[in-house]
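Undergrad:
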Amino acid sequence: MRLRSIYKRLLAFHGPQGWWPIVNPRTLVSEYFVNAPRDGHDFFEIAAGAILTQNVSWSNAEKAIAALKKNKLLDPVSIRKISTGRLAGMIRPAGYYNQKAGKIKHFTAWYRRYDFRYDELLGRGTSELRAELLSLNGVGPETADSILLYGLNRKVFVIDAYTRRIFTRLGIFAGNEKYHEMQDIFHANFKGTLQEYNEYHALIVAHGKDYCKKKAKCAVCYLSGRCDKKI
DNA sequence: ACCCAGGGTCATA
DNA sequence: TATGACCATGGG
Numbered sequence: 438m439r440l441r442s443i444y445k446r447l448l449a450f451h452g453p454q455g456w457w458p459i460v461n462p463r464t465l466v467s468e469y470f471v472n473a474p475r476d477g478h479d480f481f482e483i484a485a486g487a488i489l490t491q492n493v494s495w496s497n498a499e500k501a502i503a504a505l506k507k508n509k510l511l512d513p514v515s516i517r518k519i520s521t522g523r524l525a526g527m528i529r530p531a532g533y534y535n536q537k538a539g540k541i542k543h544f545t546a547w548y549r550r551y552d553f554r555y556d557e558l559l560g561r562g563t564s565e566l567r568a569e570l571l572s573l574n575g576v577g578p579e580t581a582d583s584i585l586l587y588g589l590n591r592k593v594f595v596i597d598a599y600t601r602r603i604f605t606r607l608g609i610f611a612g613n614e615k616y617h618e619m620q621d622i623f624h625a626n627f628k629g630t631l632q633e634y635n636e637y638h639a640l641i642v643a644h645g646k647d648y649c650k651k652k653a654k655c656a657v658c659y660l661s662g663r664c665d666k667k668i
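Quick note: the first sequence uses the working numbering, first residue 438, plus one each step.
1) Name the residue from Glu482, Leu448 and Ile488 whose alpha carbon lies nearest to the alpha carbon of proline 578.
2) Quick check on the burial criterion: 16 or more other C-beta atoms within 10 angstroms. Buried or exposed for valine 642?
3) If you run the structure through DSSP and keep just helix, strand and coil, what is lysine 507?
4) Less than 8 Å between the C-beta atoms of isoleucine 502 and leucine 511, yes or no?
5) Please work out which residues of its chain come closer than 6 Å, Cβ to Cβ, to threonine 490, disregarding the five sequence neighbours upstream and downstream, and give them in chain order.
6) If we count the other Cβ atoms within 10 Å of its Cβ and call it buried at 16 or more, is leucine 669 buried or exposed?
7) According to DSSP, is lysine 646 helix, strand or coil?
8) Specify the secondary structure class of lysine 542 as computed by DSSP and reduced to three states.
9) State the Cα-Cα distance for the pair phenylalanine 544 and proline 530, rounded to the nearest angstrom.
In structure tokens:
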């Protein structure tokens with residue numbers, strides 16, 4: 438299929454992006470993700486990162502995450518204790534800090550309904566979790582799907598601005614579909630593993646920002662001119 | 001001095 | 001349903 442060959446070209450050209458790694462679910466339940474962070478990132482960090490990076494470069498979000506880590510606030514228990522105002526002050530580099538502080542608070546309140554138990558989340562169905570995440574103020578489809586994919590290892594594809602642009606230019610999308618319609622098209626036409634879903638979205642982001650803008654003719658999607666151009 | 005970055009919400013027509 | 005305003009910092 439078309440989506441498979443695009444994936445191959447992207448991967449060959451840009452190399453693995455190494456976003457949040459896929460962890461063996463068994464390891465995940467027994468030790469990796471349950472409570473305390475290991476390896477520098479756990480479920481809560483991934484979710485907070487998904488919120489912090491909304492409409493902002495990852496480097497900005499990273500600064501906010503680093504500040505939270507430095508002050509040992511990057512866990513749901515600490516976030517619950519700190520005031521929204523103080524939290525906002527900590528995450529200023531991420532931009533929209535007042536809104537995002539509230540969003541992180543909302544997410545934390547939701548997680549508390551599960552007693553901050555990651556293994557409880559793992560037992561729930563993807564569509565159920567997605568609906569709950571979408572009901573939170575500040576979590577839209579892209580953020581919800583990022584949390585599901587990168588934080589909960591669910592095979593959902595994340596549709597972002599780059600995906601819209603690139604796939605529309607390539608003729609995969611007409612361009613006027615809604616989020617879930619684009620996602621359905623992708624799901625129906627790309628039979629990949631969880632790891633590939635993880636990597637595909639990351640590759641699209643890499644392609645959109647690092648490559649397309651610089652070349653006259655894109656070696657990956659074979660388009661002349663800037664394929665990041667807004668449609 | 002722009003423009004953009006791993007969006008989402010709310011008000012308006 | 002579909003635009004528009006708003007949120008706000010940091011790097012090019």
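The beta-carbon is built from N, C-alpha and C at its ideal position, and this holds for glycine as well.
TA: Based on what the coordinates show:
1) As a first step, residue 578 is located in the first sequence; it is residue number 141 there, counting from the start. Closest option to proline 578, Cα to Cα, is Ile488.
2) Sequence index remark: in the first sequence, residue 642 carries index 205 (1-based). Buried, because 16 or more other Cβ atoms sit within 10 Å of the Cβ of valine 642.
3) As a working mapping, residue 507 is identified with position 70 in the first sequence. Under the three-state reduction of DSSP, lysine 507 is assigned to helix.
4) One-based indexing of the first sequence puts residue 502 at position 65. One-based indexing of the first sequence puts residue 511 at position 74. Yes, the Cβ-Cβ distance between isoleucine 502 and leucine 511 is below 8 Å.
5) Residue 490 sits at position 53 when you count from the first residue of the first sequence. Answer for threonine 490: Ala498, listed in chain order.
6) In the structure as shown, the chain starts at 438 and stops at 668, and residue 669 therefore has no counterpart that could be examined.
7) Residue mapping note: residue 646 aligns to position 209 of the first sequence, counting from 1. Helix.
8) Along the first sequence, one-based indexing puts residue 542 at 105. It is helical.
9) Locating residue 544 in the first sequence gives position 107, where the first residue counts as 1. Locating residue 530 in the first sequence gives position 93, where the first residue counts as 1. Going by the C-alpha atoms only, they are around 20 Å apart.
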